[in-house]
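Below is one structure, written out as structure tokens, with a few remarks after it.
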């Protein structure tokens, strides 16, 4: 008796595997560290390492030129989210000076199937995203800060990732040369 | 390779580098944690993706499912070769294993290879476990990027 070949939805399985793997590493970190702050830091560090390498992949795929202002950068970040995570966050809440903006998500693929227990309200579950943004911006000579202003896991209506441009990083002169 | 796959590869690499610390004394323990991580992912993933499929009865049928559908979802290709002695030992051979394909083509870095396959061992074990098959999965690597997974099914008494 032969079975009809079962077709799985590759894309869905793929993103679920990603979500589950991420969840598994977060829960492992919670076991490894006693302090939630340390977990946040470690997630940020992992994100940073990923971002540093991911920006290469992004630039190679999109052939993008250098951004002239933060608005252009914001558009590219939005596009990168679409490419890598399949979501399109809205760009909102620009500051008057134009050096801060928010990415607002209706749904966050990292937090699918996730609920935070009450005693872990300090955990920044998706902190890897902050690290990844920081790392990739640093590779294109931008120093930015990222943090979550709102998080659906903590009962907010949307998830809001705030990005602040600090300064341009200048090429440093190699040590020993003047 | 699509952008989403790159992301998973990077996350995997990052997990491996976090888990396996440099000191060789704790490496076995680190690998076992890594395997457990794969196990829990495999277990949950099967829970999710098989909920609309009809029930599998035979062990071989389940193994075939792992080699074809499951593998092509996770690793973008089917297993190249499946062998069995019909007594509970299966060997899955992948001639171009995804996590090795960017590492090396030959025997260079062979020493570092096992930690990149450990997660997958757990993934297979977890998947089988949720099908009701208890097993031990080990990996054999001779030259990258090919890779053999040995599955030893534990007979239920």
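Protein chains in written order, with this note's numbering: chain A, 1 to 178; chain B, 1 to 157.
For glycine and all other residues, C-beta sits at the position ideal for the given N, C-alpha and C.
Residue 112 of chain B to residue 28 of chain B span [Cα, whole Å]: Looking up residue 112 of chain B in the second chain gives position 112. Looking up residue 28 of chain B in the second chain gives position 28. Between residue 112 of chain B and residue 28 of chain B, the C-alpha separation is close to 13 Å.
Cutoff 8 Å: residue 3 of chain A Cβ touching any chain B Cβ: On the first chain, residue 3 of chain A is found 3 positions in, with the first residue counted as 1. For residue 3 of chain A, the predicted structure reports a pLDDT of 46, less than 50, and the residue's modelled location is therefore unreliable. A value from the coordinates is still provided. So yes, residue 3 of chain A belongs to the interface.
Where residue 8 of chain B meets chain A, residues with beta-carbon distance less than 8 Å: If you number the second chain from 1, residue 8 of chain B lands on position 8. The answer, in chain order, is 14, 17, 18 and 21.
Distance, residue 140 of chain A Cα to residue 162 of chain A Cα: Sequence index remark: in the first chain, residue 162 of chain A carries index 162 (1-based). Sequence index remark: in the first chain, residue 140 of chain A carries index 140 (1-based). Distance between the alpha carbons of residue 162 of chain A and residue 140 of chain A is about 19 Å.
Residue 105 of chain A - DSSP class collapsed to helix/strand/coil: Residue numbering aside, residue 105 of chain A sits at position 105 when the first chain is read from its first letter. Three-state DSSP puts residue 105 of chain A in a strand.
Coil, strand or helix - residue 12 of chain B by DSSP: Numbered from 1 along the second chain, position 12 holds the residue referred to as residue 12 of chain B. Here residue 12 of chain B sits in helix by DSSP.
Simplified DSSP assignment, three categories, for residue 147 of chain B: Numbered from 1 along the second chain, position 147 holds the residue referred to as residue 147 of chain B. Correct three-state label for residue 147 of chain B: strand.
Backbone secondary structure at residue 81 of chain B - three-state DSSP: The residue you call residue 81 of chain B lines up with position 81 of the second chain. Of the three classes helix, strand and coil, the one that applies to residue 81 of chain B here is strand, per DSSP.
Residues that residue 73 of chain B contacts on chain A, provided the C-beta gap is smaller than 8 Å: Your numbering for residue 73 of chain B matches position 73 in the second chain. Correct list: 8, 10, 13, 14 and 17.
Chain-ordered chain A contacts of residue 33 of chain B [CB-CB under 8 Å]: Taking the second chain and counting its residues from 1, one reaches residue 33 of chain B at position 33. Under the 8 Å cutoff, chain A gives 28.
Given residue 119 of chain A as reference, the closest of A/13, A/24 and A/34 once Cα atoms are compared: By one-based count along the first chain, residue 119 of chain A stands at place 119. It is A/34 whose Cα lies nearest to the Cα of residue 119 of chain A.
Residue(s) in a DSSP beta bridge with residue 152 of chain B: Looking up residue 152 of chain B in the second chain gives position 152. According to DSSP, which records beta bridges pairwise, residue 152 of chain B is partnered with B/89 and B/136.
Endpoints, beta strand (DSSP E) assigned at residue 160 of chain A: Start at 1 with the first residue of the first chain, and residue 160 of chain A comes out as number 160. Residue 160 of chain A -> beta strand (DSSP E) spans 159-168.
C-beta neighbour in chain A for residue 92 of chain B, strict 8 Å: The residue you call residue 92 of chain B lines up with position 92 of the second chain. No, no contact with chain A.
Residue-level contact to chain B via CB, residue 86 of chain A, 8 Å cutoff: Residue numbering aside, residue 86 of chain A sits at position 86 when the first chain is read from its first letter. Output row for residue 86 of chain A: interface = yes.
Chain-ordered chain A contacts of residue 37 of chain B [CB-CB under 8 Å]: Within the second chain, numbered from 1, the residue matching residue 37 of chain B stands at position 37. 21, 24, 25 and 28, listed in chain order.
Reduced DSSP secondary structure (H/G/I, E/B, other) of residue 106 of chain B: The residue labelled residue 106 of chain B in the question sits at position 106 within the second chain. Reduced to three states, the DSSP call for residue 106 of chain B is strand.
Proximity below 8 Å, CB of residue 10 of chain B to CB of residue 53 of chain A: Against the second chain, residue 10 of chain B aligns to sequence position 10. Against the first chain, residue 53 of chain A aligns to sequence position 53. Going by C-beta atoms, residue 10 of chain B is nearer than 8 Å to residue 53 of chain A.
Distance, residue 18 of chain A Cα to residue 114 of chain B Cα: In the second chain, residue 114 of chain B corresponds to position 114, counting from 1. In the first chain, residue 18 of chain A corresponds to position 18, counting from 1. Rounded to whole angstroms, residue 114 of chain B to residue 18 of chain A spans 21 Å at the Cα level.
Min CB distance residue 139 of chain A to chain B below 8 Å: Against the first chain, residue 139 of chain A aligns to sequence position 139. No, no contact with chain B.
Identity of the residue in A/168, A/174, A/176 and A/175 nearest residue 68 of chain A by Cα: Within the first chain, residue 68 of chain A is the residue found at index 68, counting from 1. Checking every option, the nearest Cα to that of residue 68 of chain A belongs to A/168.
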